[in-house]
Amino acid sequence: MTDAVRPNPDVSTTTKEVSDFYERHPYPPPVDNLDRYDKRWTDERRRTDYHLFWPSQSYRDDFTILVAGCGTSQAAKYALRWPKARVTGIDVSANSIQHTEALKKKYKLNNLTVLKLPVEEAGKLSQQFDLIVSTGVLHHLPDPDSGLRSLRDVLLPHGAMQLMVYAPYGRAGVYLLQDYCRRLGIGTSSREIQDLATSLQALPPDHPLVPLLQHAPDFNDEAGIADALLHPQDRAYSVPEFLNFLSMADLKLGRWVRQAAYLPHCGALASSPHNALLERLPLAEQYAAIEDFRGTMVRHSAVVYPKDHARDQVVSFTGSGWLDAIPLKQPDTIAVEEKLPPGSAAVLINRSHTYTDIYLPITQGQKALYDQIDGKQSIRLIIERIAGQTHNEVLHENVRRFFEQLWRYDQILLDNSKTSGC
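Numbering-wise, the sequence shown is residues -12 to 409 according to the numbering used here.
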């Protein structure tokens, strides 16, 4: 056997270690009730979610989904979320598959297929998918590049992926404690995890792990502590590393799932003296610089596409095509109308944002436009409803800037399927 095809013993050993780890500590912790989750997914919310991935395509709900590294419940959630879709879940943990099968039976998820299969062997499914979801998985593989290429190979040409990988700077405290645990030889027995949880209470208040202990749900139970601090395989990607990771698999970033934190147009950086310098940079450099500036990103969640088709789903506010786009309010956004900044009629907040500077004050005129967003009217019709047929270029430009701002701040998504593209 030549070196080119000889199995890598380190890779096979690590794969078994990861599989064994999840057999002992299934993650996320198993659940047996998805009723509340199911009730969240109205037709309106599904349509908005669809246009996160495909802003330029007409809505449909009968597509194919692969949940790669589905854990104990993620594939079942997708099958509930998209009852007309055909969902496949794969995982290396038999324990996780068993929990998912139990949810499948309880909720009669006939649109769900679950298989014990490593991500790296996704090609054995002999199927291609419209949407591939892999969140919190690739960074645990012994060879993440191989895993991502395997997923790329089963993605349809006009398909999309949702990927989430760890980011390094916000997890500095995690990696310090991982090293601490390795030095002490701390294992993954229940007693060792309980002792670790007790010891974490003695951390200095300025230790970089303390903010995560206070706010991250991962540290609320044994499985979460084990997954964060005792996992046998864990790496993180800075923005440049993540973009290179995609490029090596012939993929390209479409957008960040929550993009405002990466953009110089949003939050405190919008009024910073460095804003003009940031905006002059290429997009990839903007993202990397802002990651450095924020310093506490713990993960990167992104929508990605095959390189050859990434431009098909680009959102643009140039030309005039944006007038025929239909704006869709993000489900997690709220309009606060109390204790407002001077001159504001409301403040828009997307509750999924973790940075407190990401909020958008709007004027009375902007609020009148925002209040017209119903998921049915195009921006052109909204303008006509507010201003009649007498609108001018100045109004158009102000409206264009406002809707672009709403989009950048993750307050809206766009259905561009009926735009001219000009």
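Yeah, the Cβ is synthetic: ideal placement off N, Cα and C, and Gly gets one too.
All figures in this text were calculated on a predicted structure; none of them were measured in a lab.
- For LYS405, the three-state secondary structure derived from DSSP is coil.
- Collapsing the DSSP output to three states places MET284 in coil.
- Bounds of the alpha helix (DSSP H) holding PRO198 are 197 to 202.
- In this structure the region 368 to 388 does not touch the region 269 to 287; the number of beta carbon pairs closer than 8 Å is below three.
- Rounded to whole angstroms, the gap between the alpha carbons of ARG23 and ARG33 is 16 Å.
- PRO293 has LEU238 as its beta-bridge partners, per DSSP.
- In this structure ASP140 is not in contact with PHE50, their Cβ atoms being roughly 18 Å apart against a cut-off of 8 Å.
- The alpha helix (DSSP H) runs of length 4 or more contained entirely in the region 45 to 86 are, from start to end of the chain, 61 to 68.
- The alpha carbon of GLU325 has as its nearest neighbour, out of ILE349, LYS111 and PRO155, the alpha carbon of ILE349.
- Selection TYR94, PRO328, LEU310 and LEU347 evaluated against GLU380 yields LEU310 as nearest (Cα-Cα).
- Contact check for GLN115 and LEU143: beta-carbon distance about 5 Å, within the 8 Å limit, so the pair qualifies.
- Where ASP182 is concerned, the enclosing alpha helix (DSSP H) starts and stops at 177 to 187.
- Cβ-Cβ distances below 6 Å link TRP28 to ARG68 in the same chain, with the five nearest sequence neighbours on each side left out; the list follows chain order.
- If you ignore the 5 residues before and after ALA66, its C-beta comes within less than 6 Å of the C-beta of VAL74, LEU96, ASN98 and LEU99, all in its own chain and listed in chain order.
- In this structure, LEU335 is the residue among THR406, LEU335, TYR342 and HIS340 with its C-alpha nearest to the C-alpha of PHE389.
- By the Cβ-count criterion, ASP214 is buried, with 16 or more other Cβ atoms from all chains shown falling within 10 Å of its own Cβ.
- The criterion of a C-beta distance shorter than 9 Å is satisfied by ILE180 and GLU209.
- In the three-state scheme derived from DSSP, where H, G and I count as helix and E and B as strand, THR305 is classed as coil.
- Between ARG245 and ASP397, the C-beta gap is smaller than 9 Å, which places the two residues in contact.
- Three or more Cβ pairs closer than 8 Å define a contact, and the region 248 to 265 meets that threshold against the region 343 to 361.
- Note on LEU233: 16 or more other CB atoms within 10 angstroms of its CB, so buried under the neighbour-count rule.
- DSSP places GLN149 inside the beta strand (DSSP E), whose first and last residues are 142 to 153.
- The bridge partners DSSP lists for LYS316 are ILE399.
- In terms of Cβ geometry, ILE77 and GLY56 form a close pair [threshold 9 Å].
- For LYS103, the enclosing beta strand (DSSP E) covers residues 99 to 103.
- With fewer than 16 neighbouring CB atoms inside 10 Å of its own CB, ASN20 falls in the exposed class.
- About 5 Å separates the Cβ atoms of VAL79 and PRO105, confirming a contact at the 8 Å cut-off.
- Assignment of LEU347 by DSSP, reduced to helix, strand and coil, places it in the strand class.
- Closest option to GLN188, judged by alpha-carbon separation, among GLN201, SER176 and ARG178: GLN201.
- Annotated three-state conformation of ALA333 is strand, per DSSP.
- Comparing alpha-carbon positions, the option among SER307, SER225, ASP319 and VAL302 lying closest to GLN273 turns out to be SER225.
- LEU216 and LEU265 do not touch by the CB rule: their CB atoms are close to 35 Å apart, not below 8 Å.
- Taking 8 Å as the upper bound for CB-CB distance, MET284 and ALA154 are in contact here, some 4 Å apart.
- For VAL197, the closest of TYR162, ILE321 and PRO131 by C-alpha to C-alpha distance is TYR162.
- Here the C-alpha atom of VAL386 lies approximately 32 Å from the C-alpha atom of ASP295.
- With contacts defined by Cβ atoms closer than 9 Å, HIS127 and ASP221 form a contacting pair.
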